[in-house]
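**Student:** My questions all concern the structure below.
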Ligand SMILES: Cc1cc2nc3c(=O)[nH]c(=O)nc-3n(C[C@H](O)[C@H](O)[C@H](O)COP(=O)(O)OP(=O)(O)OC[C@H]3O[C@@H](n4cnc5c(N)ncnc54)[C@H](O)[C@@H]3O)c2cc1C
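In my numbering, the protein residues as written are 356 to 655.
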């Protein structure tokens, strides 16, 4: 539409989860790079290594920055943990950290300045698409990998094809199993994960059968690396530094569904920052609808 547009990105590389989360074998980074180059070719300026909410605030952009409108597309990158004993041991990662070290920092290459702990027996906790990606990455780095999920295969939230691919690669699934603690050695490196067996009870608030622990069913699974893939929520950095920006209890920015308008004049939002972890196509759609609304706002 002819506007001067600047993207401020916290990391040194743009592309969001497409660059640092989704593994190369599912989405080659050269494709993402081509899209970014095409965007730059239209005149969009990208300023990386800039954390909005720390380096600059949304108000800085609107006031001294001279921007007429701001679109927040900061994703949902804050990982959830179980808060069980031992979760802070060495060798325990969030799936985000594990995948970022591999995809963005190329930690699997000899001589990489960002190391990754090459576990031989890796336990991945969770059953979504991110758990499948983390498990397949660990497997391709040479580990025996077990996915630990507290419900049954029927309730797995991951796409069926992702589960099938994980199985084809030799990943083992432990269903109706839930971690209760993680143990480590004297140097605080993880050595095992203790889990209890579960049974399915009445449906919970999500409509899915509630997993309930079976008393006295604890088993110890040897593991030298544990990856927590339990979901993510929006990072509160921008919402906590932008006065008057209304958010949901779980951190999602509240917007008008049609055009991404937030409670702050001239501030729009979309993608995972609004919906919580969702899909690429939904995020792209939200960006396009917000761009039209921003044009209308500026020209009205
Ligand atoms: C491992 C994994 C696999 C996935 N696989 C698929 C898939 O196969 N298909 C699919 O459709 N979806 C998939 N998804 C979901 C999809 O990637 C997301 O829904 C989508 O990327 C959301 O786009 P977004 O632009 O809202 O956020 P993001 O892609 O998360 O981008 C947000 C960007 O904002 C930056 N940022 C955050 N905070 C700040 C700040 N304060 N200042 C400046 N910059 C900031 C981040 O660094 C990031 O670059 C997957 C997600 C993960 C984690």
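For glycine and all other residues, C-beta sits at the position ideal for the given N, C-alpha and C.
For residue 619, which residues from the same chain have a beta carbon less than 6 Å from its beta carbon, with the 5 sequence-adjacent residues on both sides left out?
**Tutor:** Translated into the one-based positions of the chain shown, residue 619 becomes position 264. Cβ within range, chain order: 599 and 600.
**Student:** Closest by CA to residue 359, which one among 550, 610, 398 and 636?
**Tutor:** Taking the chain shown and counting its residues from 1, one reaches residue 359 at position 4. Residue 398 is the option with its Cα nearest to residue 359.
**Student:** Taking 7 Å as the cut-off, is the CB of residue 438 close to at least one heavy atom of ligand 1?
**Tutor:** Translated into positions along the chain shown, residue 438 becomes position 83. False, no ligand heavy atom lies under 7 Å from that Cβ.
**Student:** Is it the case that the CB of residue 429 approaches a heavy atom of ligand 1 more closely than 7 Å?
**Tutor:** If you number the chain shown from 1, residue 429 lands on position 74. Checking the Cβ of residue 429 against ligand 1 gives yes.
**Student:** In three-state terms, what does DSSP make of residue 639?
**Tutor:** Within the chain shown, residue 639 is the residue found at index 284, counting from 1. DSSP places residue 639 in helix when its eight states are reduced to three.
**Student:** Can you find a heavy atom of ligand 1 that lies under 7 Å from the Cβ of residue 654?
**Tutor:** Residue mapping note: residue 654 aligns to position 299 of the chain shown, counting from 1. No, the beta carbon of residue 654 sits no closer than 7 Å to any heavy atom of ligand 1.
**Student:** Residue 589: which of 411, 434 and 579 sits nearest, CA to CA?
**Tutor:** Translated into the one-based positions of the chain shown, residue 589 becomes position 234. Closest in C-alpha terms to residue 589, from the list 411, 434 and 579, comes 434.
**Student:** Quick check on the DSSP output: what are the complete beta strand (DSSP E) runs of length 3 or more inside the stretch 404–469, in order along the chain?
**Tutor:** 425–427 and 447–449
**Student:** Taking residue 443 as the reference, which of 606, 581, 585 and 628 has the closest Cα?
**Tutor:** Against the chain shown, residue 443 aligns to sequence position 88. When each option's Cα is compared against that of residue 443, the closest is 581.
**Student:** Assuming the contact rule is C-beta atoms closer than 8 Å, residue 451 and residue 587 should be a hit. Round their C-beta distance to whole Å, please.
**Tutor:** On the chain shown, position 96 is the one that residue 451 refers to. On the chain shown, position 232 is the one that residue 587 refers to. Indeed they touch by this definition, with Cβ atoms about 7 Å apart.
**Student:** Can you give me the C-alpha to C-alpha distance between residue 484 and residue 512, rounded to a whole angstrom?
**Tutor:** As a first step, residue 484 is located in the chain shown; it is residue number 129 there, counting from the start. As a first step, residue 512 is located in the chain shown; it is residue number 157 there, counting from the start. Cα to Cα, residue 484 sits roughly 7 Å from residue 512.
**Student:** May I ask which residues mark the beginning and end of the alpha helix (DSSP H) holding residue 393?
**Tutor:** Position 38 of the chain shown, counted from the start, is the residue given in the question as residue 393. Where residue 393 is concerned, the enclosing alpha helix (DSSP H) stretches over 384–396.
**Student:** Given the structure, does residue 390 come close to ligand 1, in the sense that its CB is under 7 Å from one of the ligand's heavy atoms?
**Tutor:** Residue numbering aside, residue 390 sits at position 35 when the chain shown is read from its first letter. Every heavy atom of ligand 1 is 7 Å or more from the Cβ of residue 390, so no.
**Student:** If you scan the stretch 544–597 from start to end, which runs of the beta strand (DSSP E) of 3 or more residues do you find wholly inside it?
**Tutor:** Those beta strand (DSSP E) runs which fall completely within the stretch 544–597 and span 3+ residues are 545–558, 564–568, 574–577 and 580–583.
**Student:** Hey, out of 502, 650, 448 and 595, whose CA is closest to residue 407's CA?
**Tutor:** Counting from 1 along the chain shown, the entry for residue 407 is found at position 52. Comparing Cα positions, the closest option is 595.
**Student:** Give the secondary structure of residue 373 by DSSP, where H, G and I count as helix, E and B as strand, and everything else as coil.
**Tutor:** The residue given as residue 373 occupies position 18 in the chain shown. Three-state result, residue 373: helix.
**Student:** Anyone know if the C-beta pair for residue 375 and residue 382 falls short of 8 Å?
**Tutor:** Position 20 of the chain shown, counted from the start, is the residue given in the question as residue 375. Position 27 of the chain shown, counted from the start, is the residue given in the question as residue 382. No, the pair does not count as a contact, with Cβ atoms beyond the cut-off.
**Student:** Are residue 579 and residue 549 touching if we call contact CB-CB under 8 Å?
**Tutor:** Translated into positions along the chain shown, residue 579 becomes position 224. Translated into positions along the chain shown, residue 549 becomes position 194. Going by C-beta atoms, residue 579 is not nearer than 8 Å to residue 549.
**Student:** Start and end of the beta strand (DSSP E) containing residue 533?
**Tutor:** For the purposes of this step, residue 533 is taken as residue 178 along the chain shown, with counting starting at 1. Residues 532–539.
**Student:** Three-state secondary structure (DSSP) at residue 654?
**Tutor:** On the chain shown, position 299 is the one that residue 654 refers to. DSSP places residue 654 in helix when its eight states are reduced to three.
**Student:** Quick one: does the C-beta of residue 607 sit closer than 7 Å to a heavy atom of ligand 1?
**Tutor:** Indexing the chain shown from 1 puts residue 607 at position 252. No; taking the cut-off as 7 Å, the Cβ of residue 607 has no heavy atom of ligand 1 nearer than that.
**Student:** Please determine whether the Cβ atom of residue 479 lies at a distance below 7 Å from any heavy atom of ligand 1.
**Tutor:** Position 124 of the chain shown holds residue 479. For residue 479, the shortest separation between its Cβ and any heavy atom of ligand 1 does not lie below 7 Å.
**Student:** Could you pull the start and end residues of the alpha helix (DSSP H) that residue 629 belongs to?
**Tutor:** Mapped onto the chain shown, residue 629 falls at position 274. Bounds of the alpha helix (DSSP H) holding residue 629 are 627–630.
**Student:** Please state whether DSSP places residue 500 in a helix, a strand or coil.
**Tutor:** Walking along the chain shown from the start, residue 500 turns up at place 145. The answer is strand: DSSP assigns residue 500 an E or B state.
**Student:** Could you please give me the residues that DSSP links to residue 600 through a beta bridge?
**Tutor:** Mapped onto the chain shown, residue 600 falls at position 245. None; residue 600 has no bridge partner.
**Student:** On a CA-only basis, which of 534, 535, 508 and 531 is nearest residue 522? Give me that one, please.
**Tutor:** To locate residue 522, count along the chain shown from 1; it is residue 167. With distances taken between Cα atoms, residue 522 lies closest to 508.
**Student:** Could you give the DSSP three-state label for residue 660: helix, strand or coil?
**Tutor:** Beyond the ends of the chain as shown, which are 356 and 655, falls residue 660; an answer cannot be given.
**Student:** Thinking C-alpha only, which one of 617, 487, 449 and 486 is nearest residue 472?
**Tutor:** In the chain shown, counting from the first residue as 1, residue 472 sits at position 117. Among 617, 487, 449 and 486, the Cα nearest to that of residue 472 is on 449.
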